[in-house]
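Okay, so here's the structure we're looking at.
Number of protein chains: 2
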Amino acid sequence: MGLEEDLIAALDADRVVTGADELRRHGTDEGWHPPAAPDFVVYPRDTEEAARVVRVCKRHATPIVPFGAGTSLEGHIAALAGGVSIDTSQMDQILRLSVEDMDVTVQAGVTRRQLDAKLRPEGVFFSVDPGADASLGGMVATGASGTTSVRYGTMRENVLSLTVVTADGEIVKTRSRARKSSAGYDLTRLFVGSEGTLGLITEVTLRVQPTPESMTAAACAFPALDDAVNCVIEVLAHAIPVARIELLDDVQIDAVNRHFELALEVAPTLLLEFHGTPAETEAQAKDVEAIARTHNVLGFDWAADEAQRRALWHARHGAYESARALRPGAQGFTTDACVPISNLAACIAETKADLDASGLTAPIVGHVGDGNFHLAILVDPDDADELQRAKDLNDRLVRRAIGYDGTCTGEHGVGYGKLAFLELEHGPQALAMMRAIKVALDPEGLFNPGKVLGPAPD
Amino acid sequence: MGLEEDLIAALDADRVVTGADELRRHGTDEGWHPPAAPDFVVYPRDTEEAARVVRVCKRHATPIVPFGAGTSLEGHIAALAGGVSIDTSQMDQILRLSVEDMDVTVQAGVTRRQLDAKLRPEGVFFSVDPGADASLGGMVATGASGTTSVRYGTMRENVLSLTVVTADGEIVKTRSRARKSSAGYDLTRLFVGSEGTLGLITEVTLRVQPTPESMTAAACAFPALDDAVNCVIEVLAHAIPVARIELLDDVQIDAVNRHFELALEVAPTLLLEFHGTPAETEAQAKDVEAIARTHNVLGFDWAADEAQRRALWHARHGAYESARALRPGAQGFTTDACVPISNLAACIAETKADLDASGLTAPIVGHVGDGNFHLAILVDPDDADELQRAKDLNDRLVRRAIGYDGTCTGEHGVGYGKLAFLELEHGPQALAMMRAIKVALDPEGLFNPGKVLGPAPD
Chain W
1 MGLEEDLIAA
11 LDADRVVTGA
21 DELRRHGTDE
31 GWHPPAAPDF
41 VVYPRDTEEA
51 ARVVRVCKRH
61 ATPIVPFGAG
71 TSLEGHIAAL
81 AGGVSIDTSQ
91 MDQILRLSVE
101 DMDVTVQAGV
111 TRRQLDAKLR
121 PEGVFFSVDP
131 GADASLGGMV
141 ATGASGTTSV
151 RYGTMRENVL
161 SLTVVTADGE
171 IVKTRSRARK
181 SSAGYDLTRL
191 FVGSEGTLGL
201 ITEVTLRVQP
211 TPESMTAAAC
221 AFPALDDAVN
231 CVIEVLAHAI
241 PVARIELLDD
251 VQIDAVNRHF
261 ELALEVAPTL
271 LLEFHGTPAE
281 TEAQAKDVEA
291 IARTHNVLGF
301 DWAADEAQRR
311 ALWHARHGAY
321 ESARALRPGA
331 QGFTTDACVP
341 ISNLAACIAE
351 TKADLDASGL
361 TAPIVGHVGD
371 GNFHLAILVD
381 PDDADELQRA
391 KDLNDRLVRR
401 AIGYDGTCTG
411 EHGVGYGKLA
421 FLELEHGPQA
431 LAMMRAIKVA
441 LDPEGLFNPG
451 KVLGPAPD
Chain D
1 MGLEEDLIAA
11 LDADRVVTGA
21 DELRRHGTDE
31 GWHPPAAPDF
41 VVYPRDTEEA
51 ARVVRVCKRH
61 ATPIVPFGAG
71 TSLEGHIAAL
81 AGGVSIDTSQ
91 MDQILRLSVE
101 DMDVTVQAGV
111 TRRQLDAKLR
121 PEGVFFSVDP
131 GADASLGGMV
141 ATGASGTTSV
151 RYGTMRENVL
161 SLTVVTADGE
171 IVKTRSRARK
181 SSAGYDLTRL
191 FVGSEGTLGL
201 ITEVTLRVQP
211 TPESMTAAAC
221 AFPALDDAVN
231 CVIEVLAHAI
241 PVARIELLDD
251 VQIDAVNRHF
261 ELALEVAPTL
271 LLEFHGTPAE
281 TEAQAKDVEA
291 IARTHNVLGF
301 DWAADEAQRR
311 ALWHARHGAY
321 ESARALRPGA
331 QGFTTDACVP
341 ISNLAACIAE
351 TKADLDASGL
361 TAPIVGHVGD
371 GNFHLAILVD
381 PDDADELQRA
391 KDLNDRLVRR
401 AIGYDGTCTG
411 EHGVGYGKLA
421 FLELEHGPQA
431 LAMMRAIKVA
441 LDPEGLFNPG
451 KVLGPAPD
């Protein structure tokens, strides 16, 4: 039988889709990289069905591109060699929640907001917040993190166990539900950040956290970027467990002021969130305020109530939307890098100087406690010259971050957008190790070809 | 040239050792498994020298057994196939400390206490405390954890980057010093818990933590094990950031009372430590005490001062020593397992009943916040029947833990002592993935043969 017949036999006819719009959508992410449509989109509903699809693809030597919510940014889901997009959106069951063990097991297609709605009434929450309403499987695959990682960690620290389908179509559970283990190689973390190139993630067991009794927020503007970063370094050195500590540069503050009708001072600004008992959040905030005052803070603005707290974080989460509104019609060319925090102020300052010289506009936001920052370069998608200048700026930014003992991507991943930088960052021998692992686990190269390890497309 | 000549050419004659005592010592760990001496012990002083040694071993197709401090428990360092023990104790330099970035880079042979002495004056500390004065390289290799993991995490959460020598004798840095990254496969975590089977760890970059302003301790005894475990579950559900929360069973309490001349109530007991500002530690302790009272606590004893705090934790760290003193001349047959905390009380209760039926004596201590517990079974090493009963008890314990969705080892590792349980825990497909990775990175099987993935020795 042909591939299509086999896929239909593995699922049902109505879960094997070839409509042009569906194909196009499944090859298009939220980044600026050229999309590439798959030949089929399929919708398995559980691990067993997904394994059947993988076995069909293996039989037909057909590429497999795992698809979560399509919110990735570096071309992760582009079907560069065609093949079958496995859409996990119908794998949307929350399979098990244990408040005693503070863990939850979900199918890979469950999204962050869906999980949040389930957890909230139980008095627990899942901490990793990349902004987008990504699927949990996708968040594992890209090694996602976000605004709360400074306190609660990234996906790497919050995934306990995975169920994956291997290139042979076998089903593997990577680990037990024990909180820790030294029993053999860490298959779980190998899949975190593997971007669908080593197998298909079908179920995820995650740590959850008790919902804090009190959450408060503050915004504080500084005369210079250095002051803001030095304040953060000192906050961390004092072990103040800030839940979020986000940097917005002057351009980004201007953008959110305009878009959300706020009146924040246009200067490098930290947005803070505190979690704990009321006494704890009050003490944390006072301690941070005292530290900020020694770093020339211009003002320490409290979110007086829950509505103001939400408004502040709504503005932070709307950073990208507000940035795009600075230049209607422009596309956001987003990129991220991450450096040791002691190098962060210098890296951002040089990047801003480079940006000014390039004539481009790009607000900067950062998960500053992690040393991670993002640029959303606003480009006219029809202006080839401008796009090239944006690419060149990104290239210099990444090289600068690597030069500062940092990484070409703190959380967006490699996809096919950052292939060219992986050897520069890790060296040829480390890349050879990664390639050896890829070949060992996916000898025919069926899983998400052209991603993470290349080859780079033309 | 022969192997010995080549090793001497790679180092110096006085750093290639063949004395019988040295060989025996390097094949003998602190566990109960039969030792096996290597043919040579070598002492490289840096990564480059270590790489030279690995290249010599490769040329001679000679097994390589990495050696840290020799404190492992499951036969990790036994040279089952002979070969060269690479002792890292002369790789004892602390290479770089950044208090701003809260990280430190050390050579693999630096020990935990040596690091602590360096960090203390800087106002920071390294959190992972397995008890023994292990080397940091060894702690990475076994995926160590210990009493503080409930708050600060295991080695997995605290290793930022490694330098390793591959089976080809190449030098690879697994990652930049950025706090997080999504740039390619997680080679760092692949080496955490790899027990020297994938390559030789020569340098380690670790997260450090600010030293808490205040540290306080308490001990509380409960009428039953269930009460103690349920208290811990509720403490964690309230997000009280206890730094340590250790369980000692009645047998262990009796042992420490005798050995350290204490007068603790002989009952299942939690030892607690609190880190923070004075106000925080006081609030945490009060909250825990209130929770403990709802779980029938027999008494909540404060360590009134620093001397009492140290005495309590000295007793906890001397648990094994005090256990052995219960039966002079006996050897401790130590084992560990880890289960989801909701299954912990049942798993320990069944283990105690099994223990009673077996006629053996074994105090139980546990990192109860992680669901991890240890047995030190006291056996007469010359009594083959007793040793066999201990092995059978261990076998049933591990199967019980796996049946409770747990792991055959929470922190001691596999070595060659727990080989037989790995397939039971992970299933044949997961083991096949681990074997494929091993073959990909060490195709000739030179690194620590017979460990983690077997084959099991006769």
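Going down the list, the sequences are from chains W and D. So in the UniProt record's numbering, spot 282 of the first sequence is number 282, and the numbers just go up one at a time. So in the UniProt record's numbering, spot 218 of the second sequence is number 218, and the numbers just go up one at a time. Think of the CB as a built atom: it goes at the ideal place given N, C-alpha and C, for glycine as much as any other residue. These numbers come from a predicted model, not from an experiment.
Of the residues assessed, L419(W) falls on the buried side of the cut-off, its CB having 16 or more other CB atoms within 10 angstroms. Of the candidates I402(W), I377(W) and I437(W), I402(W) places its Cα closest to the Cα of H426(W). Using a CB distance cut-off of 9 Å, R400(W) does not count as an interface residue toward chain D.
If the five residues before and after H412(D) are omitted, its C-beta is found closer than 6 Å to the C-beta atoms of L73, E74 and D336, all from its own chain and listed in chain order. Inter-segment contact for the segment 209-220 of chain W and the segment 275-291 of chain W is present: three or more beta-carbon pairs are separated by less than 8 Å. The beta carbons of H33(W) and Y416(W) sit closer together than 9 Å. Contact between the segment 443-457 of chain D and the segment 55-71 of chain D is present: three or more C-beta pairs spanning the two stretches fall below 8 Å.
Classified as exposed, Q388(W) has fewer than 16 neighbouring CB atoms from the shown chains inside 10 Å of its CB.
Following the DSSP letters along the chain, one finds S161(W) inside the beta strand (DSSP E) bounded by residues V159 to V165. According to DSSP, I245(D) shares a beta bridge with L272(D). Rounded to whole angstroms, L360(D) and C408(D) show a C-alpha spacing of 21 Å. Annotated three-state conformation of G366(D) is strand, per DSSP.
Contact between L160(D) and R175(D) holds, with the beta-carbon distance rounding to 7 Å and staying under 8 Å. Per DSSP, N372(D) lies in no alpha helix (DSSP H); the unbroken beta strand (DSSP E) holding it starts and ends at N372 to V379.
The three-state reading of DSSP puts V297(W) in coil, since its state is none of H, G, I, E or B. When DSSP reads this structure, E282(D) sits in no beta bridge, so it has no partner.
A check of alpha carbon separations from G276(W) across P210(W), L236(W) and I245(W) identifies P210(W) as the nearest. For S181(D), at least one C-beta of chain W is nearer than 9 Å to its own C-beta. Cβ proximity to chain D below 8 Å picks out S98, V99, E100, D101, M102 and D103 from the segment 95-110 of chain W. For T147(W), the closest C-alpha among the options M155(W), A141(W), P130(W) and L162(W) is that of P130(W). V54(D) sits in a helix when the DSSP states are folded into three classes. Contact between A141(W) and V128(W) does not hold, since their C-beta atoms are separated by about 13 Å, which reaches or exceeds 8 Å. For C231(W), the uninterrupted alpha helix (DSSP H) segment begins and ends at L225 to A237. Cβ-Cβ distances below 7 Å link D14(W) to nothing in the same chain once the five nearest sequence neighbours on each side are left out. Contact residues of the segment 3-24 of chain D toward chain W are absent (C-beta to C-beta distance below 8 Å).
Residue-level contact by beta carbon fails for E48(W) and chain D, as no gap is shorter than 9 Å.
Distance between K118(D) and D103(D), taken at the CA atoms: about 13 Å.
Taking the beta carbon of P210(W) as reference, the chain D residues within 7 Å of it are A237, H238 and A239, listed in sequence order. Nearest C-alpha to Q90(D) among G369(D), G68(D) and G83(D): G68(D). Residue state for G332(W) is assigned as strand, using DSSP reduced to three classes.
For the pair D21(W) and P38(W), the Cα-to-Cα distance works out to about 11 Å. Under the three-state reduction of DSSP output, W302(W) falls in the strand class. Counting the other CB atoms within 10 Å of its CB gives A263(W) a total below 16, which places it among the exposed residues.
With a 10 Å radius around the Cβ and a threshold of 16 neighbouring Cβ atoms, K173(D) comes out buried. For E411(W), the C-beta contacts it makes with chain D under 8 Å involve K180 and S182, in order along the chain.
Here R177(D) is near T205(D), since their CB atoms are less than 9 Å apart.
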